[in-house]
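Enquirer: Residue 39 in full-length UniProt numbering sits at position 39 of the sequence shown, and the numbers go up by one each step.
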Amino acid sequence: MSRIWQQYLNRSVQVLHESTSRMWHMAGTNEPSRAPRTLFRFISRDDLHNFAIGCDADIGGTSTARFDLDETSVLPGADGAPDVVRPTGKFWGNMSLEVRRGFEGRIRAGYAGFRNKPRTSLFGTILDDVTFHRYLALRVRAGGAPGLRNSYYVNIQTEGPITADLWQHRLFFRRTDGGWEDVFIDFNDFVLTNAGQVVTGRVEMNRERVRTVGISLLGGNTHQAGPFELGIDSISIINDEDIPAFSLQLPPSLQEAPKEGTEKVGLEERELSEKEAAEHTIPRA
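#1: When you compare the CB of residue 54 with every CB in chain C, is at least one pair closer than 8 Å?
#2: Which residue comes first and which comes last in the alpha helix (DSSP H) that contains residue 221?
#3: Going by DSSP, which residues form a beta bridge with residue 227?
#4: Can residue 193 and residue 166 be called in contact, C-beta distance under 8 Å?
#5: On the CB-based measure, 16 or more other CB atoms within 10 Å of its CB, does residue 258 come out buried or exposed?
#6: Given a cut-off of 8 Å, decide if residue 70 and residue 87 are closer than it, judged by their beta-carbon atoms.
#7: Between the alpha carbons of residue 38 and residue 176, how many angstroms are there, rounded?
#8: So if DSSP puts residue 155 in a beta bridge, which residue, or which two residues, is it bridged to?
#9: Cβ atoms of residue 210 and residue 140: under 8 Å apart, would you say?
#10: Buried or exposed for residue 56, going by 16 or more other Cβ atoms inside 10 Å?
#11: With DSSP as the reference, please indicate the residues paired to residue 291 in a beta bridge.
#12: Which residue marks the beginning of the alpha helix (DSSP H) containing residue 245, and which one marks its end?
#13: With a Cβ-Cβ cutoff of 8 Å, do residue 184 and residue 137 count as a contact?
#14: Terminal residues of the continuous beta strand (DSSP E) containing residue 39?
#15: In the structure shown, what three-state DSSP assignment does residue 147 receive?
#16: My assumption, with CB atoms under 8 Å, is that residue 111 sits in contact with residue 237. Please give the rounded CB distance.
#17: Can you give the Cα-Cα distance for residue 147 and residue 59, rounded to whole angstroms?
#18: What distance in whole Å lies between the Cβ atoms of residue 142 and residue 93, which are believed to be in contact at a cut-off of 8 Å?
#19: What residue does the alpha helix (DSSP H) around residue 115 start on, and which one ends it?
#20: Should residue 188 and residue 160 be called a contact, given that it needs their Cβ atoms to be closer than 8 Å?
#21: Helix, strand or coil for residue 45, going by three-state DSSP, please let me know.
#22: Does residue 82 come out as helix, strand or coil in the three-state DSSP assignment?
#23: Looking at the secondary structure, which residues open and close the beta strand (DSSP E) in which residue 181 lies?
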């Protein structure tokens with residue numbers, strides 16, 4: 001049996017099991033769970049096969065992108081415990097602003113990205129309900145060319161009639177040494193875009209029906225090229241009360257007071273203006 005069919009059947013069994021469990025325990029009569037929940041892990045090759053990658057080379061550019069398993073990752077232990085060596089995902093390659101011959105002036109190069117594939121099953125496409133969680137939490141690390149570290153964006157696609165709609169937020173890193181850190185993005189701070197343009201007016205994210213989550217590297221917009229490397233361990237959903245237990249311990253130099261305009265110590269700067277978002281094209285990785 002092929003891997004694709006095996007994953008399809010596994011998802012179908014999972015949906016059936018969860019639906020049966022909810023009925024048996026009459027889950028609809030209980031309060032919705034606010035407990036932390038992991039949406040995606042990146043600890044095996046099967047996990048990585050659930051993601052699609054793309055870059056400008058697909059349309060005439062010369063960038064390269066790969067998504068591999070780094071089996072020698074070293075993550076900080078919890079509560080002062082020794083470091084842990086275990087597999088994590090590694091999205092890496094080379095960001096180029098050049099295009100192949102014959103494509104000059106026809107395309108804009110300088111992007112790469114990945115997102116989870118649609119999770120189809122016998123019972124329809126699996127969607128995530130993040131209504132009762134405030135933050136999207138990403139455990140990541142940034143390597144490669146320093147000039148590219150500020151060119152990453154997190155993208156969320158929800159179920160809806162307009163497939164070009166994409167919710168976007170800048171991925172801010174605090175560390176400059178390539179170490180692991182947790183980034184928490186408030187769902188209310190994502191900006192709705194359509195084909196790279198910010199959608200004006202007040203529109204709320206359909207948080208009950210999240211279809212895909214992904215990360216894009218847009219070197220073309222910041223005019224930055226060179227090797228890139230993004231380590232990723234997990235994508236989760238959490239609330240304020242979960243942050244202390246969830247967060248990795250940062251070096252003392254990064255344990256600083258919150259900056260003006262941010263809401264929490266140790267969280268990324270979440271203010272993203274509509275003007276800034278409008279200047280960035282969103283690749284459909």
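C-beta: ideal position from N, C-alpha, C; glycine also. If you're wondering where the values come from, they're calculated on a predicted model, not measured in any experiment.
Expert: On the basis of the data shown:
#1: Checking the listed chains, one finds no chain C in this structure; it contains a single protein chain.
#2: 219-222
#3: Per DSSP, 94.
#4: Cβ distance < 8 Å, so residue 193 and residue 166 count as in contact.
#5: Note that residue 258 has pLDDT 36, beneath the 50 cutoff, so the model's placement of it is unreliable and the number below is only indicative. Classification of residue 258: exposed, given that the 10 Å Cβ count is below 16.
#6: yes
#7: 26 Å
#8: DSSP links residue 155 through a beta bridge to 168 and 214.
#9: no
#10: buried
#11: Coverage of the chain is limited to positions 1 through 285, which leaves residue 291 absent and any answer about it impossible.
#12: 243-246
#13: yes
#14: It spans 37-41 - the beta strand (DSSP E) in which residue 39 sits, taken as one unbroken run.
#15: helix
#16: Actually they are not in contact, since the Cβ atoms of residue 111 and residue 237 sit about 26 Å apart, beyond 8 Å.
#17: 24 Å
#18: That pair is no contact at about 14 Å.
#19: That residue, residue 115, is in no alpha helix (DSSP H); its beta strand (DSSP E) goes 112-116.
#20: no
#21: helix
#22: coil
#23: 181-186
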